[in-house]
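Since the structure comes first, as C-alpha cells, the remarks are kept for the end.
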Amino acid sequence: DSGVTQTPKHLITATGQRVTLRCSPRSGDLSVYWYQQSLDQGLQFLIQYYNGEERAKGNILERFSAQQFPDLHSELNLSSLELGDSALYFCASSFTAERGTEAFFGQGTRLTVV
Amino acid sequence: AQSVAQPEDQVNVAEGNPLTVKCTYSVSGNPYLFWYVQYPNRGLQFLLKYITGDNLVKGSYGFEAEFNKSQTSFHLKKPSALVSDSALYFCAVRDIRGGSYIPTFGRGTSLIVHP
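Structural data, given as C-alpha cells:
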C-alpha cells in the first residue's frame with residue numbers, strides 16, 4: 001500500500017458528461033501529480049499541485065481541470081467527455097518536488113466513456 | 115530537457131535466469147534516475163533510485179540497477195527471475211517543467227517470465 005488513495009476505482013460514463021476523480025496523498029506529502037495512462041500514449045503527465053498551488057502543467061486538455069484543497073487532497077475534473085478520454089488516471093504524491101525524490105502512486109481510476 | 119528511453123517494448127526470460135531491462139538517459143547535470151514497476155490493474159510502485167555514489171543500486175524485491183555514465187544507461191537487473199516478476203517496468207527521471215521537477219517516464223517495458 002503506497003498510502004495514496006484514489007476514488008473511485010472504476011467509472012463508466014457517457015460522452016458529454018462530467019466526472020470528478022479524487023486523490024488523497026500520502027500523509028505529509030505536499031506535491032500531487034496527475035497522470036493519464038493509455039495504451040498508445042503511455043504515461044502522460046497532466047498537472048502538478050504543490051501545497052495548494054498549481055506548479056506545472058503538462059498535456060492537459062482545456063476540458064480538464066484540477067485543484068488541491070487546504071487538506072492537500074486533490075480533484076481532477078474532466079468535462080465534455082469523449083470516447084478518447086477513456087484511460088487510467090493516476091495520482092501520485094511526494095514530500096517535495098526535488099529532483100531526487102521518488103513519487104508514490106495510487107491504484108488509479110479506470111475511466112470508460114461510452 | 116531530461117528524458118529516458120526504454121529501447122525494448124518486451125523482454126522475455128525463463129524463470130531462474132538473470133534478467134535485464136534497459137534504460138538510457140539524457141540529462142543535463144547530475145542524473146537522478148528511478149525505476150518503477152506496475153502490476154496489472156495496479157499503480158506504479160517505486161523500486162529504486164540513483165542519486166549519487168555507488169554505481170550499483172539495490173532496491174525492492176531483489177532488483178538492482180547499474181548506473182553507467184559513459185554509456186548513459188541505467189539498466190534494471192535481477193540475478194534470478196521469478197514468474198511473479200512479470201509486469202510492466204518504467205524508467206523515470208524528473209524533468210523540469212515550469213520551474214518544477216516532474217517525474218517523467220519512459221514508455222515502459224513488459225517483462226514476461228516463463229515458467
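Line order of the protein sequences matches chains P and X.
Reading the first sequence from the start, the letters are residues 1 to 114 in the numbering used here.
Reading the second sequence from the start, the letters are residues 115 to 229 in the numbering used here.
Even glycine gets a Cβ: it sits at the ideal position worked out from N, Cα and C.
Do residue i and residue j have their CB atoms nearer than 8 Å?
{"i": "X:Tyr-150", "j": "P:Arg-99", "result": "no"}
{"i": "X:Asp-209", "j": "X:Ala-115", "result": "yes"}
{"i": "P:Thr-13", "j": "P:Val-4", "result": "no"}
{"i": "P:Pro-115", "j": "P:Gly-52", "result": "No answer is possible for residue 115 of chain P: it lies beyond the span of chain P, which begins at 1 and ends at 114."}
{"i": "X:Ala-179", "j": "X:Tyr-164", "result": "yes"}
{"i": "P:Arg-55", "j": "P:Ser-80", "result": "no"}
{"i": "X:Thr-186", "j": "X:Val-125", "result": "no"}
{"i": "P:Tyr-33", "j": "X:Ile-216", "result": "yes"}
Identify every residue that forms a DSSP beta bridge with residue i.
{"i": "X:Val-171", "result": "X:Ala-179"}
{"i": "X:Ala-206", "result": "X:Phe-148, X:Phe-219"}
{"i": "P:His-73", "result": "Per DSSP, none; premise fails for P:His-73."}
{"i": "P:Asn-51", "result": "The partner list for P:Asn-51 (beta bridge, DSSP) is empty, contrary to what the question assumes."}
{"i": "X:Val-135", "result": "X:Leu-190"}
{"i": "X:Ser-140", "result": "X:Ser-117"}
Kindly indicate the opening and closing residues of the beta strand (DSSP E) around residue i.
{"i": "X:Lys-191", "result": "187-192"}
{"i": "P:Arg-18", "result": "No beta strand (DSSP E) contains P:Arg-18, which DSSP labels as neither H nor E."}
{"i": "X:Lys-163", "result": "158-164"}
{"i": "P:Phe-90", "result": "87-94"}
{"i": "X:Pro-120", "result": "Checking the sequence, you will find Gln at residue 120 of chain X rather than Pro. Taken as a continuous stretch (DSSP letters only), X:Gln-120 belongs to no beta strand (DSSP E), as it is neither H nor E."}
{"i": "P:Val-113", "result": "109-113"}
{"i": "P:Ser-38", "result": "31-38"}
To the nearest whole angstrom, what separates the beta carbons of residue i and residue j, a pair I think is in contact under 8 Å?
{"i": "X:Leu-196", "j": "X:Glu-129", "result": "6 Å"}
{"i": "P:Leu-125", "j": "P:Tyr-89", "result": "What the structure shows of chain P is the stretch from 1 to 114, and residue 125 of chain P is not part of that stretch, so it cannot be assessed."}
{"i": "P:Gln-6", "j": "P:Leu-21", "result": "7 Å"}
{"i": "X:Leu-190", "j": "X:Val-135", "result": "4 Å"}
{"i": "X:Pro-132", "j": "X:Pro-193", "result": "5 Å"}
{"i": "P:Ile-105", "j": "P:Ala-87", "result": "Inspection of the sequence shows that residue 105 of chain P is occupied by Phe rather than by Ile. Rounded, the Cβ-Cβ distance is 15 Å, inconsistent with contact."}
{"i": "X:Ser-174", "j": "X:Leu-162", "result": "7 Å"}
{"i": "P:Leu-111", "j": "P:Leu-39", "result": "Rounded, the Cβ-Cβ distance is 14 Å, inconsistent with contact."}
{"i": "P:Gln-107", "j": "X:Arg-156", "result": "6 Å"}
Could you check the C-alpha separation between residue i and residue j for me, to the nearest Å?
{"i": "P:Pro-139", "j": "P:Gln-48", "result": "This structure cannot speak to residue 139 of chain P, because chain P is shown only from 1 to 114."}
{"i": "X:Thr-218", "j": "P:Gly-16", "result": "30 Å"}
{"i": "X:Ala-206", "j": "P:Glu-82", "result": "29 Å"}
{"i": "P:Glu-102", "j": "X:Val-227", "result": "27 Å"}
{"i": "P:Val-113", "j": "P:Gly-84", "result": "8 Å"}
{"i": "P:Gln-44", "j": "P:Gly-58", "result": "8 Å"}
{"i": "P:Ser-65", "j": "P:Leu-78", "result": "7 Å"}
{"i": "X:Asn-182", "j": "X:Gln-152", "result": "24 Å"}
{"i": "P:Ile-60", "j": "P:Tyr-35", "result": "9 Å"}
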